[in-house]
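Colleague:
There are 2 protein chains.
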Amino acid sequence: MINLPSDEDLMDLSDLFKLFGDSTRLRILYVLHEGEMNVSDISDTLEMNQSAVSHQLKQLRINKLVNARREGKSMYYSLADEHVHTIISMGMEHILEE
Amino acid sequence: MINLPSDEDLMDLSDLFKLFGDSTRLRILYVLHEGEMNVSDISDTLEMNQSAVSHQLKQLRINKLVNARREGKSMYYSLADEHVHTIISMGMEHILEE
DNA sequence: GTTATATATGAACAGTTATTCATATGTGCA
DNA sequence: TGCACATATGAATAACTGTTCATATATAAC
Numbered sequence: 001m002i003n004l005p006s007d008e009d010l011m012d013l014s015d016l017f018k019l020f021g022d023s024t025r026l027r028i029l030y031v032l033h034e035g036e037m038n039v040s041d042i043s044d045t046l047e048m049n050q051s052a053v054s055h056q057l058k059q060l061r062i063n064k065l066v067n068a069r070r071e072g073k074s075m076y077y078s079l080a081d082e083h084v085h086t087i088i089s090m091g092m093e094h095i096l097e098e
Numbered sequence: 101m102i103n104l105p106s107d108e109d110l111m112d113l114s115d116l117f118k119l120f121g122d123s124t125r126l127r128i129l130y131v132l133h134e135g136e137m138n139v140s141d142i143s144d145t146l147e148m149n150q151s152a153v154s155h156q157l158k159q160l161r162i163n164k165l166v167n168a169r170r171e172g173k174s175m176y177y178s179l180a181d182e183h184v185h186t187i188i189s190m191g192m193e194h195i196l197e198e
């Protein structure tokens, strides 16, 4: 007999991985791995539309992959969790191996 | 200055994570973590359409997350890579923590 | 208050994707 | 060869998702 996680956990888990399944969000996570950064600097660094960045940051925030803090007019984002780095590293190992 | 992976690597990486971003494929991977299994048994275990399972297995195979071998009329699938297990475990830790 | 800057948000559109159905291919056996 | 079983595949559909544009909200300085 096979011991599957509950449907709820499976949904949560696939929702989590969906976040990593987009190269834009991966780029944002890579940038934040260097340290916290505000929205305009992220947009400039990645040469992306501010609105697109903001939409993606919202998803990352809701799913607790990043933290946000306000400083004056700016919002600074940072990685929330060491798992983020581990998951990306494992994935990178996989694709680079062969 | 930030050291981003190449665009190609980022695409490969997001494509890899997309595979984990679907609860059907996660269920298949969980089942295969118990050991190799053929397509009909996977379909029965997960109460899924045979065609749907086959389509998903094809994606997993193309992306080298599973191996396939034929035995008579049946095709037996198994996990291809220890990274699969590590990635899922890290994800599960993340969602269960809080 | 007004204005400028920074970020967030809603709606719309285009592109992608999982599932289903029907059918094809492959294998074993009589 | 013919038939049954196992799996794969192509097309169609429905649902989802990322980006853009326009605009709203928030903060600071005046």
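Just so you know, the protein sequences line up as chains V and B, in that order.
Taking my numbering, the leading residue of the first sequence gets 1, the next gets one more, and so forth.
Taking my numbering, the leading residue of the second sequence gets 101, the next gets one more, and so forth.
The C-beta atom is built at its ideal place from N, Cα and C for all residues, glycine as well.
None of these values were measured; they are calculated from a predicted model.
Could you tell me the alpha carbon to alpha carbon distance between residue 104 of chain B and residue 31 of chain V, rounded to whole angstroms?
Modeller: Rounded to whole angstroms, residue 104 of chain B to residue 31 of chain V spans 7 Å at the Cα level.
Colleague: At a CB-CB cut-off below 7 Å, which residues of chain V make contact with residue 136 of chain B?
Modeller: Those do not exist, as residue 136 of chain B stays about 13 Å from chain V at its closest Cβ, beyond 7 Å.
Colleague: Quick one: measure Cβ to Cβ for residue 46 of chain V and residue 194 of chain B, integer angstroms, because I've assumed they're closer than 8 Å.
Modeller: With a Cβ gap of about 24 Å, residue 46 of chain V and residue 194 of chain B do not count as contacting.
Colleague: Would a check of beta-carbon distances place residue 30 of chain V closer than 8 Å to chain B?
Modeller: Yes, residue 30 of chain V lies at the interface with chain B (some Cβ there is under 8 Å from its Cβ).
Colleague: So residue 20 of chain V packs on residue 87 of chain V, CB below 8 Å; how close in whole Å?
Modeller: With 8 Å as the limit, residue 20 of chain V and residue 87 of chain V qualify as a contact, their Cβ atoms being about 6 Å apart.
Colleague: Among the candidates B:109, B:192 and B:178, whose CA atom is the shortest distance from the CA of residue 158 of chain B?
Modeller: Of the candidates B:109, B:192 and B:178, the one whose C-alpha sits nearest the C-alpha of residue 158 of chain B is B:178.
Colleague: Sort out for me which residues DSSP pairs residue 77 of chain V with in a bridge.
Modeller: According to DSSP, residue 77 of chain V bridges with V:37 and V:68.
Colleague: Is residue 114 of chain B close to chain V? Criterion is C-beta to C-beta, closer than 8 Å.
Modeller: Yes, residue 114 of chain B lies at the interface with chain V (some Cβ there is under 8 Å from its Cβ).
Colleague: Using a threshold of 8 Å, state whether the C-beta atoms of residue 110 of chain B and residue 27 of chain V are closer than that.
Modeller: Yes, the pair counts as a contact, with Cβ atoms nearer than the cut-off.
Colleague: Using a C-beta to C-beta distance shorter than 9 Å, which residues of chain B count as neighbours of residue 75 of chain V?
Modeller: Correct list: empty, because the minimum Cβ distance to chain B is about 19 Å.
Colleague: With DSSP as the reference, label residue 122 of chain B as helix, strand or coil.
Modeller: DSSP places residue 122 of chain B in coil when its eight states are reduced to three.
Colleague: From this set, B:108, B:125 and B:113, which residue's C-alpha is nearest residue 13 of chain V's C-alpha?
Modeller: If we check each option's Cα against that of residue 13 of chain V, B:125 comes out closest.
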